[in-house]
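Enquirer:
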Amino acid sequence: MTEQPCYHCGLPAPDLRFCTVLLGQQRVFCCPGCLAVSETIVSGGLGDYYKFRDQPATQADADDNGYSRYDDPRFQQQWVVHSDDDNYSEAYISIGGITCAACTWLIEKHIGQLSGIESVNVNLARRRALIRWQTDQTKLGDIFQAIHSIGYRPYPWQADREEAELEQENRSALLRLGVAGIGMMQVGMYAIALHAGALQGMSEPLRDLIRYSSLIVSTLVVFYAARPFFVAATRSIMNRHLGMDVPISIAIGTAYLASLWATISGQGEVYFDSVAMFTFLLLLSRYLEMRARYSLSTEHRAASQTRPDVAWRIENSVPVPTPPAMLNIDDIVMIKPGEPIPVDGMVMRGNSDVSESVLTGEHLPVTKRTGDRLSAGSLNGDGTLTMRVAATIEHSTLSTINRLLEHAQQEKPRAAQLADQLAGVFVGTVLILAAIVFIWWFPQDPNKALLIALSVMIVSCPCALSLATPTAITAAMSSLREKGLLLRKSQIMESLAKADLVIFDKTGTLTDGQLSLNAIAHTPDRKEQELWLIACALELHSSHPIASAFKTDSPLPDTGEVTIHSGHGIEARIGEQLYRIGTQEFIGLPAAALEAAAGSGDISVWLADRTQILARFDLSDNLRESAKETLSLLNKLGLSSCMLSGDNSGAADYVASQLSLSDWQKSMSAEHKLEQLQQRQQAGSIVIAVGDGINDLPLLAASDISISVANATDLTRHNTDCIMVSNDLRGLATLVSVSRKTRRIIRQNLSWSLAYNITAIPLAAAGLVPPWLAAIGMSASSLVVVANAMRLLRT
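The C-terminal residue of the sequence shown carries number 802 in our numbering, and the numbering is unbroken.
Written out as structure tokens, the structure reads:
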């Protein structure tokens with residue numbers, strides 16, 4: 008057989024152990040390093056590298072397993088975020104081989120010892136690490152090598168690869184579970200024969216034949232089905248940290264070796280049935296936990312899958328298929344009916360109903376017209392839209408939401424951190440206790456001593472304690488994400504659950520923040536519709552917030568010679584006539600007749616031609632539809648509400664009266680708002696502050712929990728603890744309610760875990776819990792914790 012060259016480096020590939028399908032063909036590699044690097048190049052969208060290279064790549068260094076290739080900026084484009092204002096980078100790294108909380112503790116501690124590492128957070132549920140490091144002190148390849156050196160399998164995080172890895176993990180777990188299940192049933196039948204023979208009499212040759220048959224089946228169970236336990240335990244011991252798989256491995260290994268000795272020597276009891284049974288039950292527990300974690304970790308994945316593979320960029324008036332990642336700001340893109348929005352943008356032409364349920368949780372579509380904003384991930388309806396790109400794919404609303412959600416899920420509350428730290432101590436204590444129990448029972452009943460010690464090790468494994476907090480937090484975050492509520496840090500859920508006061512800004516928070524037309528006063532010689540269309544045509548050229556009130560689906564007259572007077576108004580020609588729209592001072596004409604007509608808004612905009620004022624448009628910032636119900640819901644939850652407004656007009660009085668607010672103040676500067684907040688905090692209140700503008704930042708920064716509403720400025724959104732993606736203020740009540748339920752479920756989980764261990768260990772030490780029942784008890788405790796946490800998904 009002709010020796011094939013390595014597809015990546017060109018060196019001889021002596022066998023076919025390292026091969027995979029890339030770019031539609033079977034490829035052969037000389038080592039796992041070249042295989043890993045080549046897969047990364049292709050999965051990162053850089054497959055053209057192999058088409059246009061002029062020579063093979065240099066061979067992957069065996070010492071670093073090819074991880075030094077990740078230092079190349081080309082490999083980092085898709086999954087490493089580099090900070091613009093400092094020397095730090097941040098990346099998600101998927102890690103294979105994680106089995107328990109002790110693994111996460113070990114990885115965090117080991118990586119944290121590298122120079123230049125600012126933070127390491129490993130998510131047990133998603134088998135993924137979020138690492139932030141100083142690029143001039145540590146290379147990414149060194150981080151990969153450090154993870155590999157302690158026995159885990161690191162690879163760049165990508166949604167598709169994570170999905171494939173989870174599927175592979177699922178297949179492997181099912182196969183091991185099947186082998187253990189069949190082995191348990193077979194050895195169980197042999198055990199029945201042995202027990203019956205012990206009671207009724209059985210010849211030694213027949214007994215030995217059944218024992219050797221049990222040994223063969225049990226060997227397959229121990230060395231194949233139970234292998235993950237031994238691998239994880241070996242890794243923990245080599246790194247001088249006791250993980251939860253250590254007592255499990257010792258229990259399985261000890262029972263198997265004792266049974267092996269009894270079979271060979273013909274003396275003593277065999278425990279093959281116990282070995283096979285609790286291996287099966289432990290694997291079943293792990294499999295059910297894995298499926299539950301998989302369900303939790305994919306709750307928000309649908310959002311990132313709503314982006315289209317192709318965007319239609321307009322080039323020379325022709326739509327050209329373009330990858331969304333190649334779109335730049337100010338590109339013109341056509342959105343066809345039924346297509347997802349690829350990036351954030353502004354509607355230039357057309358109108359259509361757009362579903363934003365992926366982002367906001369609101370299932371009713373929103374009508375989008377010229378001048379409205381579109382968000383990546385939204386789904387276009389029946390109309391065709393033409394939009395101008397406002398943000399690249401990396402900085403789109405959808406990407407920001409997913410990034411913030413990932414950060415929040417990676418962070419660990421204090422309870423979870425404490426559980427991880429205590430896991431090793433707890434396991435060490437269990438091993439010492441099992442040894443003491445064995446020593447105590449051996450003089451009294453040697454046949455029972457080993458089984459009782461095994462039961463103690465199995466029943467006391469603290470898996471449920473480690474799962475208690477992270478499963479509840481993951482479920483809560485997924486539930487809130489579905490409702491358009493995005494937490495930056497999971498730790499604030501504890502403060503949210505204790506909050507007793509909510510301080511609101513008025514404009515843009517309790518009100519829509521968008522002006523709308525209340526009434527038109529006009530001269531009798533001109534039609535109202537005609538004047539309205541003229542005003543809309545002039546305001547179309549303005550980016551001022553007032554211009555958003557002048558929208559219509561009707562055709563607009565053509566404008567020419569447009570002049571924008573910033574802060575005052577707009578001047579433009581329609582046909583032969585010159586028109587002005589803006590403040591009364593900008594118009595500069597008498598308006599006695601229109602001034603006599605009663606105004607019905609907060610702001611008046613005037614329209615005039617060269618000789619006279621033609622119309623006055625009264626605009627108002629209306630109260631949010633959900634504001635009154637929100638305050639009522641918060642009151643039912645025991646929270647007081649307060650409004651602090653910088654507005655000195657009668658609008659503040661009107662809003663307070665409509666909401667029946669007794670605690671409110673107007674004409675408040677940012678400093679005065681901050682003073683009010685501090686006074687209430689000094690009085691013992693835990694305060695939630697809700698705002699939308701830059702002037703609210705001092706108040707938001709000093710509050711215990713800060714929340715920005717959907718229409719908040721980018722700077723405000725980036726400096727708050729929670730972002731409301733939905734416009735529905737009732738999400739505030741949902742946020743508090745879910746936080747309280749999460750705290751309650753975490754306490755229930757921790758209480759159950761501790762109560763189980765406190766009760767089960769003495770019973771096992773007293774010889775009342777056989778090994779198979781101990782395995783069921785440990786598995787059941789973990790499943791109860793996961794099932795209890797998943798109730799949050801139905802909140």
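In this text, a Cβ means the ideal position worked out from N, Cα and C, and glycines have one as well. In this text, all values refer to a predicted model and were calculated from it rather than measured experimentally.
Only counting the same chain, and skipping five residues up and downstream in sequence, which positions put a Cβ closer than 7 Å to that of Asp379?
Expert: Stepping through the sequence shown from its first residue, residue 379 is reached at position 372. So the list reads Val354, once near-sequence residues are dropped.
Enquirer: Can Ala615 and Arg580 be called in contact, C-beta distance under 7 Å?
Expert: Within the sequence shown, numbered from 1, the residue matching residue 615 stands at position 608. Within the sequence shown, numbered from 1, the residue matching residue 580 stands at position 573. In this structure, Arg580 does not lie closer than 7 Å to Ala615 by Cβ.
Enquirer: Pick out whichever of Asp360, Thr399, Val373 and Ala398 has its Cα sitting closest to the Cα of Gly390.
Expert: Position 383 of the sequence shown, counted from the first residue, corresponds to residue 390. Of the listed residues, the one whose Cα sits closest to Gly390 is Asp360.
Enquirer: Which of the three DSSP states, helix, strand or coil, is assigned to Trp447?
Expert: If you number the sequence shown from 1, residue 447 lands on position 440. Helix.
Enquirer: Using a 10 Å radius around the Cβ and a threshold of 16 neighbouring Cβ atoms, would you call Trp447 buried or exposed?
Expert: Residue numbering aside, residue 447 sits at position 440 when the sequence shown is read from its first letter. With fewer than 16 Cβ atoms within 10 Å of its Cβ, Trp447 is classed as exposed.
Enquirer: Select from Asp316, Glu546 and Ile465 the residue whose C-alpha is nearest the C-alpha of Lys558.
Expert: Position 551 of the sequence shown holds residue 558. If we check each option's Cα against that of Lys558, Glu546 comes out closest.
Enquirer: Measure the CB-CB distance between Asp78 and Leu147 and report whether it falls below 7 Å.
Expert: Within the sequence shown, residue 78 is the residue found at index 71, counting from 1. Within the sequence shown, residue 147 is the residue found at index 140, counting from 1. A contact, by the Cβ cut-off of 7 Å.
Enquirer: Name the one or two DSSP bridge partners that Pro564 has.
Expert: On the sequence shown, residue 564 is found 557 positions in, with the first residue counted as 1. For Pro564, which the question treats as bridged, DSSP gives no partner whatsoever.
Enquirer: Classify Leu826 as helix, strand or coil using the three-state DSSP reduction.
Expert: Within the shown structure, residues of the chain are numbered from 8 to 802, placing residue 826 beyond reach of any answer.
Enquirer: Please work out which residues of its chain come closer than 6 Å, Cβ to Cβ, to Phe287, disregarding the five sequence neighbours upstream and downstream, and give them in chain order.
Expert: As a first step, residue 287 must be located in the sequence shown, where it is residue number 280. Excluding residues within five positions, the ones whose Cβ falls inside 6 Å are Ala187, Gly188 and Met191.
Enquirer: Based on the DSSP secondary-structure assignment, which residues constitute the bridge partners of Trp613?
Expert: The residue labelled residue 613 in the question sits at position 606 within the sequence shown. Per DSSP, Gly589 and Arg623.
Enquirer: Rounded to whole angstroms, what is the Cα-Cα separation between Gln619 and Thr566?
Expert: The sequence position of residue 619 within the sequence shown is 612, counting from 1. The sequence position of residue 566 within the sequence shown is 559, counting from 1. Those two C-alpha atoms are separated by around 19 Å.
Enquirer: What does Val327 pair with, by DSSP beta-bridge criteria?
Expert: Counted from its first residue, the sequence shown places residue 327 at position 320. Note: Val327 sits in a beta bridge opposite Arg320.
Enquirer: Which residues does DSSP pair with Val396 in a beta bridge?
Expert: One-based indexing of the sequence shown puts residue 396 at position 389. Its beta-bridge partners are Gly352.
Enquirer: What residues in its chain sit with their C-beta under 6 Å from that of Gly103, if we drop five residues either side in the sequence?
Expert: Counting from 1 along the sequence shown, the entry for residue 103 is found at position 96. Counting only Cβ-Cβ distances below 6 Å, and skipping sequence neighbours, we find Arg160.
Enquirer: Just curious, the beta strand (DSSP E) that Ala98 is in, first and last residue?
Expert: Taking the first residue of the sequence shown as position 1, residue 98 is located at position 91. Tyr95 to Gly103 is the span of the beta strand (DSSP E), which, as asked, contains Ala98.
Enquirer: Got a sec, what are the start and stop residues for the beta strand (DSSP E) Arg580 sits in?
Expert: In the sequence shown, residue 580 corresponds to position 573, counting from 1. Membership of Arg580 in the beta strand (DSSP E) is indicated by the continuous run Gly576 to Ile581.
Enquirer: Answer yes or no: do Gly576 and Gly595 have a C-beta to C-beta separation smaller than 7 Å?
Expert: Here the question's residue 576 lines up with position 569 in the sequence shown. Here the question's residue 595 lines up with position 588 in the sequence shown. Between Gly576 and Gly595, the C-beta spacing is not below 7 Å.
Enquirer: Looking at the strands, I want to know which residues DSSP matches up with Asn454.
Expert: Looking up residue 454 in the sequence shown gives position 447. In DSSP, Asn454 forms no bridge with anything.
Enquirer: Counting along the chain, where does the alpha helix (DSSP H) carrying Tyr763 start and finish?
Expert: Here residue 763 refers to the residue found at position 756 when the sequence shown is read from its first residue. Run containing Tyr763: Gly738 to Ala772, per the alpha helix (DSSP H) assignment.
Enquirer: With a cut-off of 8 Å on the beta carbons, I'd call Leu644 and Ser710 a contact; round off their distance for me.
Expert: On the sequence shown, residue 644 is found 637 positions in, with the first residue counted as 1. On the sequence shown, residue 710 is found 703 positions in, with the first residue counted as 1. The Cβ separation is near 18 Å, so there is no contact.
Enquirer: Thinking C-beta only, is Ser96 closer than 7 Å to Thr27?
Expert: Sequence index remark: in the sequence shown, residue 27 carries index 20 (1-based). Sequence index remark: in the sequence shown, residue 96 carries index 89 (1-based). No, the pair does not count as a contact, with Cβ atoms beyond the cut-off.
Enquirer: Hey, Ala504 and Asn756 are a contact pair by Cβ (cut 8 Å); roughly how many whole angstroms apart?
Expert: Residue numbering aside, residue 504 sits at position 497 when the sequence shown is read from its first letter. Residue numbering aside, residue 756 sits at position 749 when the sequence shown is read from its first letter. Actually they do not touch by this definition, with Cβ atoms about 15 Å apart.
Enquirer: Where Ser633 and Arg747 are concerned, what is the direct C-alpha to C-alpha distance, given to the nearest angstrom?
Expert: The residue given as residue 633 occupies position 626 in the sequence shown. The residue given as residue 747 occupies position 740 in the sequence shown. So the two alpha carbons sit approximately 22 Å from each other.
Enquirer: Tell me whether Trp86 sits in a helix, a strand or coil according to DSSP, three-state version.
Expert: Working through the sequence shown from its first residue, we reach residue 86 at position 79. The answer is coil: DSSP assigns Trp86 none of H, G, I, E or B.
Enquirer: Could you compute how far the alpha carbon of Gly275 sits from the alpha carbon of Ala269?
Expert: In the sequence shown, counting from the first residue as 1, residue 275 sits at position 268. In the sequence shown, counting from the first residue as 1, residue 269 sits at position 262. So the alpha carbons of these two residues sit roughly 5 Å apart.
Enquirer: Output the boundary residues of the beta strand (DSSP E) element that contains Arg34.
Expert: Here residue 34 is taken as the residue at index 27 of the sequence shown, counted from 1. Segment Gln32 to Val35, the beta strand (DSSP E) holding Arg34.
Enquirer: In the DSSP assignment, find the unbroken alpha helix (DSSP H) run with Ala504 in it and report its ends.
Expert: In the sequence shown, counting from the first residue as 1, residue 504 sits at position 497. Residues Ile499 to Lys505.
Enquirer: Looking at the structure shown, is Ile541 part of a helix, part of a strand, or coil, going by DSSP?
Expert: Reading the sequence shown from its first residue, position 534 is the one you call residue 541. Here Ile541 sits in helix by DSSP.
Enquirer: Indicate the three-state DSSP secondary structure (helix, strand or coil) for Gly698 in the structure shown.
Expert: Numbered from its first residue, the sequence shown carries residue 698 at position 691. Three-state result, Gly698: strand.
Enquirer: Which residues mark the beginning and the end of the alpha helix (DSSP H) in which Gly155 is found?
Expert: As a first step, residue 155 must be located in the sequence shown, where it is residue number 148. The sequence given here has His at residue 155, not Gly. Start and end: Leu147 to Ser156.
Enquirer: Residues in the same chain with beta-carbon distance under 6 Å from Gly352, minus the five sequence neighbours each way, listed in chain order, please.
Expert: Taking the sequence shown and counting its residues from 1, one reaches residue 352 at position 345. Shown here for Gly352: same chain residues with a beta carbon closer than 6 Å to its own, the five before and five after excluded, namely Leu381, Met394, Arg395, Val396 and Ala397 in chain order.
Enquirer: Please go through the same chain and pick out, in chain order, the residues whose beta-carbon is closer than 8 Å to the beta-carbon of Val229, but skip the five residues on each side of it.
Expert: Sequence index remark: in the sequence shown, residue 229 carries index 222 (1-based). Excluding sequence neighbours, Val229 sits near Ile259, Gly260, Tyr263, Val282 and Thr286.
Enquirer: Taking 8 Å as the cut-off, does the stretch 672-682 touch the stretch 490-498 (at least 3 CB pairs, one atom from each stretch)?
Expert: no
Enquirer: Thinking C-beta only, is Gly698 closer than 7 Å to Leu684?
Expert: Residue 684 sits at position 677 when you count from the first residue of the sequence shown. Residue 698 sits at position 691 when you count from the first residue of the sequence shown. Contact flag unset, no.
Enquirer: For Arg495, which of helix, strand or coil comes out of DSSP?
Expert: As a first step, residue 495 must be located in the sequence shown, where it is residue number 488. Note: Arg495 maps to coil in three-state DSSP.
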